[in-house]
Every structure is written in C-alpha cells, then in structure tokens.
Amino acid sequence: MSVTYWCEHAWLPDGVVESVLVEVDGTRIAGVTQGEPGGAERLAGLTIPGLANAHSHAFHRALRGATQAGAGDFWTWRDRMYEVAAALDPDSYLALARAAYAEMALAGITCVGEFHYLHHAPDGRPYEDANAMGHALIQAAREAGLRIALLDTCYLMGGIGMGTAAGGGAGGGTHLAGTQVRFGDGDADRWASRAGDLAAAYEGQHDVEIGAAVHSVRAVPPEQMPVIAEFSHHHAAPLHAHVSEQRAENAACVEMYAASPVQVLHERGVLGPRSTAVHATHLSDVDIELLAQSGTHICMCPTTERDLADGIGPARTLFDHGAPITLGSDSHAVIDLFEEARAVELDERLATGERGHWRAAELLTAAAGAGHTSLGFPDAGLLVPGAWADLVSVRLDSVRTAGTSGLEAVVFAATAADVHSVVSGGRRVVSEGRHTLGDVGAMLIEAIGRVR
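According to this note's numbering, the residues represented by the sequence shown are 1385 to 1836, in order.
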C-alpha cells in the first residue's frame, strides 16, 4: 500500500525543511521530496522520525505514582517493584505491556527495547511454553504498533557476595529468593537454550529482534558472561547490561572481583558495537575509555535516574570520547523521550553550573537514529528513502510550543502530549492524538488494577 504524506515541516538529514512530501510504500519510505500538498495526507507541525525507547521494563509502569510516599532509595523501591513482578502471568502481562506500549506510541515511540527478565511462573518453574512471557511482550508491541527488540535477560544470582547462585555452579553470589526465582534459568547455558528457542520462533520477522542482556554484575557471575556474549555474536543481536547504576553496586563489585563493573564486562567480552551500557552513572576515567573505545552505546534514563536518586551520569564526556548516546524511559516514571532528551542537557547544567552542552539535533539523534541502531534496527530513525516508514508529527501551536520553531521547539519545549500523529512502519497508529486501540488511559487503569 502506497501513501504520500505532506509535512508542514520535517527534520531531514540536512535540517528542518518546509513543505516535504514523504512517499510510503508498505513499511518503508519510498521517496522524500519538497512540493505542494496536492492530495497527500497533511501532517501539521514538525514531523520527525520515530523515536526509539532503548530501555524499558514494561511491568514497572504499574509503579508510577505508587512509590513516592516516604523516604528510601533504589533498594526500597525495588521491594515495591518485586510485589508487582510477583503478581503477573502471561495474560495480565500482555494487558499491561500493551497499554504501556500504546502510551509509548502516543509519545512518538515506534520501537522499544524491552529488558525482559520476568521469565517463569511465581515458583520459578517454566510455563508450558518456557517463553510465554516473552511472546506476550512481542504480541503487546505488535498490537500497540511498535517494533520490539526483546532483550532476553540472563539473571542468575540475587547479589554479589560469598556463596553459590541458584541452580548449579555459578559462584560468587547469593541465591535467588522470593520473586527473584521467576527470573532465573539456573545457568547461562540453560538461559541460552531458552533464548535460542525464542530467537528461532521469530527468525525472519523483521519487526522483532531477539537480543540478549546481562542483567548486571550483581545478577550474573563473570564466568557466565561469555555465554551471553557468544549468543549476541552468533545471532548478530543487541547485547545490553545495567552498568554502575548505584555506588553500592560498584563497591560490592570491586570488593569481590577487584574490578569495576565496566572492567568485569570488558574482560568477559560483553562490550562492543552491538552492546549498550544502561545508566553508566558512576564511572571512573578508565571505565569511560573502555566504553568509548569498544564502541559501546550508552543508554541514559534521566527521569528514572532522578526518580530513584541514582545520580547524574557523564553523558557528554562519554559522547565526546566516542560512545553513542541513546535514551530510555526505564521504570516509566515518565514516558516522554522529549523529556528524557532535554534532561540530559539540563542535568549537565546542574552538575557543571554551565549551559549549552548539547545541541537539539544531537539529543534528537540519541532519541531516534542512535536508539534504533542500539536495538538492532539501524535502518530506522531517519526520514530517508529505504528507512522504516516512521513519521511522528509534533504540534507547534500548543500552549507549550506556540511561538517556537525548529528542533528546539521539540527538544526543549514540547512534551509527549504535543504528538498528534504517528505512523509506525507505514501503519497509522495515532491520529489527532488518539491511539487506534482506543482509550489508553482506560486500558492502563484496567491493566494496573489487575496486578496491584
């Protein structure tokens, strides 16, 4: 099916251009030219490529607004998160993820990187289909109109410490306990077998990428990490990991392994151009060089990092040293990649006392092209012929954007509420600010109510 859209303004590789015709053929962009609208479908405001949410935990959406009472830190928040994780099954996870992904579509996100470790039944036994939860997430993304990189996550131990991890021979960590037993496969070989079955089920399906993840150094012992890296190499798939999110994690890692988390991952072959270090908040100069020289992407999640009081990562320093920056909404305290993008700049201002660290185009590239590349979709995130047909149109006449122009209007003024139209892979999923699935708020209320 061929459709032509006329964009009042569009962000092309050469900058913002007026009166742009984008011809879509099936799932791809067939042509981009300047011209009069004629009979084309009109897209008001500024049209940009679809955004990539490079780090998501879909079930965390049920925590928004429910963890703010009282004091605490990441670890007290995690206890509440485990309560939600314990309540989910494939059906309720499908409903919750579908609603969360629909909210993402409303915000202009056309691809999600789902960091997936909620694998098994509450007692730790596999479902009849060991990948039932993964299938539910993929179905949810498709119904919401998103492509998905399902980052199947290896999670073997409950924390760094003396002892033996659950399930046979993984040393240096504590047993999985409570809700955590849902996360574990026993060892990396059994994880790889299950994840391999999942990859085989979606082979050749271009809207799904089955990637891999090392949950963190506190959840995977170093001797198990090469198996996960090899899975990524064998499948030419993305490989993500939580890295140095909390100082306590760094201290425990140095005490146990005499190395930082980045050094541990580097020594086990986890870093590289297909890899993404999520958060990368508390880094040494050596860590920064290892990440940058290996070509590892860095996924910043500022709204979560501030919500959990994690800290401010050295995004600009990493970028200047050669590490591509991407963005994620992580725990979904906010689902708004414009907010994530400008927070990278605004957090740098707080940390340094200076303004103007990032140009709008750099931040939007992090939210679009770089994010898609980190998820295994390098042919997305640009409005050029041959790319995925993802068009996100942002109002320039709302109370937030009125009187603004250019990319600065989107990155530093707009919010997700200003997205009025989304075409994802050639499919119109948002029109006049409304998702084709209907009332997403009502979907969220129902889905969250089932698991709280």
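From the three backbone atoms N, C-alpha and C, an ideal C-beta is built for every residue, glycine too.
- [ ] Note down, one range per segment and in chain order, each beta strand (DSSP E) of at least 3 residues found wholly within the segment 1593 to 1649.
- [x] 1623 to 1627
TODO: Tell me whether glycine 1570 sits in a helix, a strand or coil according to DSSP, three-state version.
DONE: The residue given as residue 1570 occupies position 186 in the sequence shown. In this structure, glycine 1570 counts as coil in the three-state DSSP scheme.
Open item on the list: For alanine 1414, which residues in the same chain have their Cβ closer than 8 Å to its Cβ, ignoring the five residues on either side in sequence?
Closed with: Locating residue 1414 in the sequence shown gives position 30, counting from the first residue. Correct list, in chain order: Ser1386, Glu1407, Val1408, Pro1769.
Task: Whole runs of the beta strand (DSSP E) within the segment 1748 to 1802, excluding any shorter than 3 residues - done: 1775 to 1778
TODO: Assign aspartate 1839 to one of two classes, buried (16 or more other C-beta atoms within 10 Å of its C-beta) or exposed (fewer than that).
DONE: Because the chain is modelled from 1385 through 1836, residue 1839 falls outside the range shown and cannot be assessed.
- [ ] Could you tell me whether the Cβ atoms of histidine 1741 and glycine 1697 are closer together than 9 Å?
- [x] In the sequence shown, residue 1741 corresponds to position 357, counting from 1. In the sequence shown, residue 1697 corresponds to position 313, counting from 1. No.
TODO: Give me the Cα-Cα distance between proline 1622 and serine 1659, rounded to the nearest whole angstrom.
DONE: Here residue 1622 refers to the residue found at position 238 of the sequence shown. Here residue 1659 refers to the residue found at position 275 of the sequence shown. Answer to the nearest angstrom: the Cα atoms are 6 Å apart.
TODO: Compute the Euclidean distance between the alpha carbons of valine 1416 and alanine 1752, then round it to the nearest angstrom.
DONE: Position 32 of the sequence shown, counted from the first residue, corresponds to residue 1416. Position 368 of the sequence shown, counted from the first residue, corresponds to residue 1752. If you take the alpha carbons of valine 1416 and alanine 1752, they lie about 18 Å apart.
Task: C-alpha gap between glutamate 1512 and tyrosine 1501, whole angstroms - done: For the purposes of this step, residue 1512 is taken as residue 128 along the sequence shown, with counting starting at 1. For the purposes of this step, residue 1501 is taken as residue 117 along the sequence shown, with counting starting at 1. Going from the Cα of glutamate 1512 to the Cα of tyrosine 1501 covers about 17 Å.
- [ ] Let me know the beta strand (DSSP E) ranges lying completely inside the segment 1388 to 1461, each 3 residues or longer, listed in chain order.
- [x] 1399 to 1409, 1412 to 1418, 1425 to 1433, 1435 to 1440
Open item on the list: For glycine 1712 and glutamate 1830, I'd like the C-alpha separation in whole angstroms.
Closed with: Here residue 1712 refers to the residue found at position 328 when the sequence shown is read from its first residue. Here residue 1830 refers to the residue found at position 446 when the sequence shown is read from its first residue. Rounded to the nearest angstrom, the two C-alpha atoms are 25 Å apart.
TODO: Can you tell me which of the three DSSP states methionine 1827 falls into?
DONE: If you number the sequence shown from 1, residue 1827 lands on position 443. In the structure shown, methionine 1827 sits in a helix (DSSP, three-state: H, G or I).
Task: Cβ-based burial, glutamine 1630 [other Cβ within 10 Å; buried from 16] - done: Position 246 of the sequence shown, counted from the start, is the residue given in the question as residue 1630. That one is buried.
Open item on the list: Using only the alpha-carbon positions, how far apart do glycine 1552 and alanine 1561 sit?
Closed with: Numbered from its first residue, the sequence shown carries residue 1552 at position 168. Numbered from its first residue, the sequence shown carries residue 1561 at position 177. Since pLDDT at glycine 1552 reaches only 38, below the 50 mark, its modelled position is unreliable, and the value read off the structure follows with that caveat. Going from the Cα of glycine 1552 to the Cα of alanine 1561 covers about 15 Å.
TODO: For the alpha helix (DSSP H) holding histidine 1519, just list the boundary residues, first then last.
DONE: Reading the sequence shown from its first residue, position 135 is the one you call residue 1519. It spans 1516 to 1528 - the alpha helix (DSSP H) in which histidine 1519 sits, taken as one unbroken run.
Open item on the list: Give me the DSSP bridge partner(s) of arginine 1482.
Closed with: Numbered from its first residue, the sequence shown carries residue 1482 at position 98. DSSP output for arginine 1482 lists no bridge partner at all.
Open item on the list: Could you compute how far the alpha carbon of alanine 1786 sits from the alpha carbon of alanine 1800?
Closed with: Residue numbering aside, residue 1786 sits at position 402 when the sequence shown is read from its first letter. Residue numbering aside, residue 1800 sits at position 416 when the sequence shown is read from its first letter. For alanine 1786 and alanine 1800, the distance between alpha carbons rounds to 15 Å.
- [ ] Give the DSSP bridge partners of serine 1659, in chain order.
- [x] In the sequence shown, counting from the first residue as 1, residue 1659 sits at position 275. DSSP output for serine 1659 lists Leu1623 as bridge partner(s).
Open item on the list: Looking only at its chain, what residues have a beta carbon closer than 8 Å to the beta carbon of glutamate 1651, apart from the 5 residues adjacent to it on each side?
Closed with: Working through the sequence shown from its first residue, we reach residue 1651 at position 267. Answer for glutamate 1651: Pro1606, Ala1643, listed in chain order.
- [ ] Please check the pair leucine 1521 and alanine 1442, which I expect to be a contact at CB under 8 Å, by giving their CB distance rounded to whole angstroms.
- [x] The sequence position of residue 1521 within the sequence shown is 137, counting from 1. The sequence position of residue 1442 within the sequence shown is 58, counting from 1. At roughly 6 Å, the Cβ-Cβ gap stays under 8 Å, so leucine 1521 and alanine 1442 are in contact.
- [ ] Report yes if the CB atom of glutamate 1633 is closer than 9 Å to the CB atom of isoleucine 1544, and no otherwise.
- [x] Sequence index remark: in the sequence shown, residue 1633 carries index 249 (1-based). Sequence index remark: in the sequence shown, residue 1544 carries index 160 (1-based). A contact, by the Cβ cut-off of 9 Å.
TODO: Let me know if leucine 1674 comes out buried or exposed under the rule of 16 or more other beta-carbons within 10 Å of its beta-carbon.
DONE: For the purposes of this step, residue 1674 is taken as residue 290 along the sequence shown, with counting starting at 1. With 16 or more other Cβ atoms within 10 Å, it is buried.
Open item on the list: I'd like to know if serine 1805 contacts chain C, where contact means its C-beta is closer than 9 Å to some C-beta of that chain.
Closed with: Among the protein chains of the structure shown there is no chain C, as only one such chain exists.
- [ ] Return the chain-ordered ranges of every alpha helix (DSSP H) run that is complete within the segment 1694 to 1740 and spans a minimum of 4 residues.
- [x] 1699 to 1704, 1721 to 1736
TODO: Alpha carbon to alpha carbon, how far is valine 1778 from isoleucine 1432? Give it in angstroms, no decimals.
DONE: Your numbering for residue 1432 matches position 48 in the sequence shown. Your numbering for residue 1778 matches position 394 in the sequence shown. Isoleucine 1432 and valine 1778: Cα-Cα distance of roughly 8 Å.
- [ ] Could you check if histidine 1590 is buried or exposed, using at least 16 other CB atoms within 10 Å of its CB as the buried criterion?
- [x] Residue mapping note: residue 1590 aligns to position 206 of the sequence shown, counting from 1. So histidine 1590 ends up on the exposed side.
Task: Cβ neighbour criterion (16 or more within 10 Å) applied to histidine 1618 - done: On the sequence shown, residue 1618 is found 234 positions in, with the first residue counted as 1. Exposed, by the Cβ-count rule.
TODO: Using the Cα positions of valine 1776 and alanine 1725, report the straight-line distance between them to the nearest angstrom.
DONE: Here residue 1776 is taken as the residue at index 392 of the sequence shown, counted from 1. Here residue 1725 is taken as the residue at index 341 of the sequence shown, counted from 1. Computed Cα separation, rounded: 16 Å.
Open item on the list: Between the alpha carbons of glutamate 1487 and glutamine 1564, how many angstroms are there, rounded?
Closed with: Position 103 of the sequence shown, counted from the first residue, corresponds to residue 1487. Position 180 of the sequence shown, counted from the first residue, corresponds to residue 1564. Each residue's alpha carbon lies about 28 Å from the other.
Task: Cβ-based burial, alanine 1554 [other Cβ within 10 Å; buried from 16] - done: Translated into the one-based positions of the sequence shown, residue 1554 becomes position 170. Since pLDDT at alanine 1554 reaches only 45, below the 50 mark, its modelled position is unreliable, and no value is offered.
TODO: Determine the burial state of alanine 1438: buried for a count of at least 16 other Cβ atoms within 10 Å of its Cβ, exposed for fewer.
DONE: Indexing the sequence shown from 1 puts residue 1438 at position 54. Buried, by the Cβ-count rule.
Task: Span separating the alpha-carbon of alanine 1549 from that of threonine 1820 - done: Position 165 of the sequence shown, counted from the first residue, corresponds to residue 1549. Position 436 of the sequence shown, counted from the first residue, corresponds to residue 1820. Residue placement at alanine 1549 cannot be trusted, given a pLDDT of 37 that sits under 50; the coordinates are not used to answer.
Open item on the list: Based on DSSP bridge pairs, tell me the residues matched to valine 1806.
Closed with: Indexing the sequence shown from 1 puts residue 1806 at position 422. According to DSSP, valine 1806 bridges with Val1776, Val1814.
- [ ] Name the two residues that bound the continuous beta strand (DSSP E) containing glutamate 1498.
- [x] Walking along the sequence shown from the start, residue 1498 turns up at place 114. That run of the beta strand (DSSP E) goes 1493 to 1500.
Open item on the list: Below 8 Å on the Cβ atoms is my contact criterion, and I expect valine 1835 with leucine 1480 to pass it. Report the Cβ-Cβ distance as a whole number of Å.
Closed with: To locate residue 1835, count along the sequence shown from 1; it is residue 451. To locate residue 1480, count along the sequence shown from 1; it is residue 96. The pair is a contact, with the Cβ atoms about 6 Å apart (cut-off 8 Å).
TODO: Consult DSSP for aspartate 1463 and reduce its assignment to one of helix, strand or coil.
DONE: Position 79 of the sequence shown, counting from 1, holds the residue named residue 1463. Aspartate 1463 falls in the helix class under three-state DSSP.
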